[in-house]
Amino acid sequence: ESAPMNILPFLSTIPKISIIAFIFFFFNELSSSFLNNKILNIIVVVSLFSILFGSILSIKQNNLFRLLAYSGIPHAGIMLICSIIPSSISSSFLILYFTFYIFSNIGLYIALNSLPKITDIFKVEDLKGLYKDSPFLALSITCFLLSLAGAPLFVGFWGKFNIAIISYKTYGLLIPITILISAGVSFYYYLRIISNIFSSKSMDSKSAFTVSNINKILISLCVFVAIFLGINPNFLKILM
9 ESAPMNILPF LSTIPKISII AFIFFFFNEL SSSFLNNKIL NIIVVVSLFS ILFGSILSIK
69 QNNLFRLLAY SGIPHAGIML ICSIIPSSIS SSFLILYFTF YIFSNIGLYI ALNSLPKITD
129 IFKVEDLKGL YKDSPFLALS ITCFLLSLAG APLFVGFWGK FNIAIISYKT YGLLIPITIL
189 ISAGVSFYYY LRIISNIFSS KSMDSKSAFT VSNINKILIS LCVFVAIFLG INPNFLKILM
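Taking my numbering, the leading residue of the sequence shown gets 9, the next gets one more, and so forth.
Structure representation (structure tokens):
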């Protein structure tokens, strides 16, 4: 909460991505004889716990940034699952998830950073009526939240769906069911934010505010990626 807004996008993404990428390359460099089933099972259990624990913690959060921080825990768990799956396509699925998570998070935090400083710590209710004050920010934040939740037509859907399918082939139904439950819970707390954004009440802002041109460009780029890769999830495979 106390971190400056301009570094929050990086704090929320880069450490997770770096650790997961290291784990992925670490396991891929090891020969199969070193991949002890007990170690893999421990990682799976930690991942499942992270997915469920993060989802539960997010449900009752009213502090916006704490909610977003806790909601990032399930994403880390899902990426961790993918990083240890022995498959030739797990790397492409992980790259797609990295791309989705980075662009959705950075776009979301840039959009939030464009809001007037209503309070020192944002509450979910502080976003009430944002659509009336800034339709651009309201729609952009909604797109990012739906992508993070895994809604169809957004890249987040394919990120979660692909990993659920590949994990089913390796570990059975437990992981896909856990991802599905987590996605359902995430829809609940993300839609709570969205419902406030489109509330009839206006934001508690004493003066009108505008979004800088550079922020508009960056936010629009992130929205484009979230939707474009949602419609064309195989686009990254063409580039690789």
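Glycine is no exception: its CB is placed at the ideal position from the N, C-alpha and C atoms. As the structure is a computational prediction, the values presented were derived from the model and not from experiment.
Tell me whether residue i is buried or exposed, calling it buried when 16 or more other Cβ atoms sit within 10 Å of its Cβ.
{"i": "Gly180", "result": "exposed"}
{"i": "Asn36", "result": "exposed"}
{"i": "Tyr78", "result": "buried"}
{"i": "Asn70", "result": "exposed"}
{"i": "Tyr196", "result": "exposed"}
{"i": "Ser95", "result": "exposed"}
{"i": "Thr218", "result": "exposed"}
{"i": "Gly238", "result": "buried"}
{"i": "Gly164", "result": "buried"}
{"i": "Phe111", "result": "buried"}
{"i": "Phe162", "result": "buried"}
{"i": "Ser203", "result": "exposed"}
{"i": "Leu76", "result": "buried"}
{"i": "Leu208", "result": "Looking at the sequence itself, residue 208 is Ser, so the reference to Leu does not match. Burial call: exposed."}
{"i": "Lys136", "result": "buried"}
{"i": "Ile5", "result": "This structure cannot speak to residue 5, because the chain is shown only from 9 to 248."}
{"i": "Val54", "result": "exposed"}
{"i": "Phe236", "result": "exposed"}
{"i": "Ser98", "result": "buried"}
{"i": "Ser148", "result": "buried"}
Based on the DSSP output, what are the partners of residue i in its beta bridges?
{"i": "Asn71", "result": "Lys131"}
Go through its chain and collect everything with a Cβ distance to residue i's Cβ below 6 Å, but skip five positions before and after it.
{"i": "Ser10", "result": "With a pLDDT of only 48 at Ser10, under 50, the local geometry of the prediction cannot be trusted, and the value read off the model is given with reservation. So no residue of the chain qualifies."}
{"i": "Leu226", "result": "Ile118"}
{"i": "Leu56", "result": "Thr186"}
{"i": "Gly158", "result": "Gly164, Phe165, Lys168, Ala191"}
{"i": "Val132", "result": "Asn70, Leu72, Ile201, Asn204"}
{"i": "Tyr198", "result": "Leu153, Ala157"}
{"i": "Pro241", "result": "Trp166"}
Confirm the yes/no value for this check: CB of residue i, any heavy atom of the ligand ATP, distance under 8 Å.
{"i": "Leu102", "result": "The ligand ATP is not part of this structure, which contains no ligands at all."}
By Cβ distance below 8 Å, which residues in the same chain neighbour residue i in space, the five residues on each side in sequence not counted?
{"i": "Lys214", "result": "Caution applies to Lys214, whose pLDDT of 47 falls short of 50 and renders its modelled position unreliable; the value that the coordinates give is listed next. Within the same chain, Lys214 has no close Cβ partners at all."}
{"i": "Lys24", "result": "Gly80, His83, Ala84, Met87, Tyr109"}
{"i": "Val52", "result": "Ile89, Ile92, Tyr179, Ile183"}
{"i": "Ser194", "result": "Ser63, Ser66, Ser79, Pro82, Leu156, Ala157, Gly158"}
{"i": "Ser58", "result": "Ile81, Pro82, Ala84, Gly85, Leu88"}
{"i": "Ala234", "result": "Phe108, Phe111, Ser112, Gly115, Cys151, Phe152, Ser155, Phe162, Val163, Gly164"}
State the start and end residues of the unbroken alpha helix (DSSP H) segment that holds residue i.
{"i": "Ile92", "result": "Neither: Ile92 is in no alpha helix (DSSP H) and is coded neither H nor E."}
{"i": "Pro184", "result": "182-205"}
{"i": "Leu156", "result": "143-157"}
{"i": "Val231", "result": "221-239"}
{"i": "Asn170", "result": "163-179"}
Who are the Cβ neighbours of residue i in its own chain at under 7 Å, not counting the five residues just before and after it?
{"i": "Ser175", "result": "Ile89, Ile93, Ile183, Pro184"}
{"i": "Thr150", "result": "Ile202, Ile205"}
| query | Three or more beta-carbon pairs under 8 Å between the segment 164-172 and the segment 104-116, yes or no? | reply | yes
| Counting Cβ pairs closer than 8 Å, one from the segment 179-197 and one from the segment 136-150, do we hit at least three? | no
| message | Quick test of the definition: if touching needs 3 or more C-beta pairs under 8 Å, does the segment 76-92 touch the segment 56-67? | response | yes
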